[in-house]
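In the working numbering, the protein residues as written are 403 to 750.
Cβ atoms here follow ideal geometry from the backbone N, Cα and C, with glycine treated the same way.
Every value quoted in this text rests on a predicted model; they were computed, and no experiment measured them.
Let me begin by presenting the structure, written as structure tokens, before commenting on it.
As structure tokens, then:
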């Protein structure tokens, strides 16, 4: 593995919150910080940008210790959730602003702004004021301004949060295409699971000021380290369970390693030995030899698939199925099983 472009181990204390984070980001990587509101994502981003100072620890960027440097000396670009564009400047002048701070020549500024206007398809908007732009256009100006100064790392703090779904999806795809083609390192803050899973090379999942799991999106989704990770990263069925005897008739599943699990007694969830985690898409309906059976208590038609909830009598479970279940109705009893390859067992 190559040496990380950004490496940090930081501590920051507040009266009601403390951050303890270690992180290494590779050159050219799209790295997302994911977690619920208040988990420390934006605080960590502000520490990297130099807008706040850590109480302990250090940050290195391309081998340089930047912990004590002011923001303008870090060679880091930052796009805020509200874009922070200057309303008294037009599009051209907003993009040029950082280049002036770097004391670039007029010729160099003109060349670089021209490149950014072309890259983000803003040539016809160069003379417009910020107030004359749509939300999506403002977002492109903010990205153009951040990249104009050729930062070593680009930081994005929930940049699509204020946009509607269609525009957000389109800009997200454009950003990822641009990032891959130009190869700039990006750290992206979001609380949207789908957004992080679709756009990232790697994800760090945060909770209460700590990074609890990091890795490639598929690995984090399919192999959560605990109940919080399983539930935050998409829908997850979590069934309290315990080891089953070899002759148990209540066995839920036999895992590939030979272990047998049965559901724990009703009401014992908090004391369960383990949690069987299976995603709704890994529930198999009407298997040829169903070990389990449940009543359909909810059936939702969502266009290209159905979402179901089954009551087995001991637990409820959510499943996703194709149009083949369209003839079923609520109240119908169906057999079901688990895709053993996809089942995970989490400690209680």
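beta-carbon residue 523 near the ligand NAP non-hydrogen atom, thresh 7 Å: Within the structure as shown, the ligand NAP is missing, as the structure has no ligands at all.
Among the residues of its own chain, which have a CB less than 6 Å from the CB of residue 616, if the five just before and after it don't count? Closer than 6 Å at Cβ, skipping near neighbours: 606.
* Rank 491, 723, 461, 549 by C-alpha distance to the C-alpha of residue 501 and give the top, closest one. => For the residues 491, 723, 461, 549, the minimum Cα distance to residue 501 belongs to 549.
- Exposed or buried, residue 498, counting other C-beta atoms within 10 Å across all chains shown (16 or more means buried)? Its Cβ being crowded by 16 or more others within 10 Å, residue 498 is buried.
- Task: Measure the CB-CB distance between residue 482 and residue 566 and report whether it falls below 8 Å.
- Result: No, the Cβ-Cβ distance between residue 482 and residue 566 is not below 8 Å.
- Please check the pair residue 721 and residue 685, which I expect to be a contact at CB under 8 Å, by giving their CB distance rounded to whole angstroms. With 8 Å as the limit, residue 721 and residue 685 qualify as a contact, their Cβ atoms being about 4 Å apart.
- request: Apply the 10 Å Cβ neighbour rule to residue 586 and answer buried if 16 or more other Cβ atoms are within range, or exposed otherwise.
  value: Residue 586 is classed as buried because its beta carbon has at least 16 other beta carbons within 10 Å across all chains shown.
Review point. Is residue 446 helix, strand or coil by DSSP?
Key: Here residue 446 sits in helix by DSSP.
Hey, residue 451 and residue 407: beta-carbon distance below 8 Å or not?
-> For residue 451 and residue 407, no; Cβs fall outside 8 Å.
*Could you name the residues of the same chain whose beta carbon sits closer than 8 Å to that of residue 510, not counting the 5 residues immediately before and after it, in chain order?*
Cβ contact annotation for residue 510 (same chain, cutoff 8 Å, sequence separation greater than five): 501, in chain order.
Between the CA atoms of residue 728 and residue 541 - distance to the nearest angstrom: Distance between the alpha carbons of residue 541 and residue 728: 42 Å.
Can you name, in chain order, every residue of its own chain whose Cβ lies under 6 Å from the Cβ of residue 461, other than the five neighbours on each side? Contacts found: 410, 468, 469.
| request: Scan the stretch 554-608 and note each continuous alpha helix (DSSP H) run of 4 residues or more that stays entirely inside, going in chain order. | output: Runs of alpha helix (DSSP H) with 4 or more residues, each lying fully within the stretch 554-608, are found at 567-584, 595-601, listed in chain order.
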